[in-house]
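Numbers 143 to 254, taken from our numbering, label the letters of the sequence shown in order. Every residue gets a Cβ at the ideal spot worked out from N, C-alpha and C, and that includes glycine.
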Amino acid sequence: MNMTQMNMTKQNLGLPIFFALGALTLAASVAQAADISTPAVLAGSCSTCHGPGGQSPGTMPSLAGLEPKYIMTRLKEFRSGEAPATLMNRIAKGYSDAEIEALGQYFTKTKP
Ligand code: HEC
């Protein structure tokens, strides 16, 4: 193997490793973004139905400005199946107590 060939081999190995590391870093930052330290990101998935910042433009209930305790109680009742629901029972199952609290604190502050 001459020098040129060796350099080629190094480069070919280096590039995929570079991309693999990049993908790992990206995955880590996405996981971090969903952390409760950034409630706005956590609440982002609610805006599809409840409107941006929980201010519903349509028939879905608005969440903006509701009492944190009310939001938290409702979510926990949906999660346990206590409260009748068409969708929220399934959605609420994906959230821990800490996340539900963060959501309650977030939407109380998004009042227009
Ligand atoms: C796919 C649409 C959809 C998404 C996404 C969604 N919701 Fe809901 N939400 C509903 C519907 C519909 C209801 C009425 C209850 C039912 O039928 O499930 C509701 C009701 C609620 C209520 C009760 C409101 C009231 O006035 O008592 C709360 C609180 C709530 N959602 C919070 C959330 C939070 C927080 C998120 C994000 C984690 C979220 N929802 C995501 C559709 C959605």
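Put simply, the stretch 205-218 touches the stretch 246-253. At least three CB pairs are less than 8 Å apart. Within its own chain, the residues whose Cβ lies closer than 8 Å to the Cβ of G223, once the five positions on either side in sequence are excluded, are N231, listed in chain order. Counting only the Cα atoms, E243 lies some 11 Å from Y212. At least one heavy atom of the ligand HEC lies closer than 7 Å to the C-beta of R216. Cα atoms of S179 and D239: separation of roughly 14 Å, rounded to the nearest angstrom. A residue is called buried when at least 16 other Cβ atoms come within 10 angstroms of its Cβ; L217 meets this threshold and is buried. About 19 Å separates the Cβ atoms of L184 and E219, ruling out a contact at the 8 Å cut-off. Note that the C-beta distance between G193 and M202 is below 8 Å. For the 8 Å CB-CB criterion, L245 and P181 form a contact.
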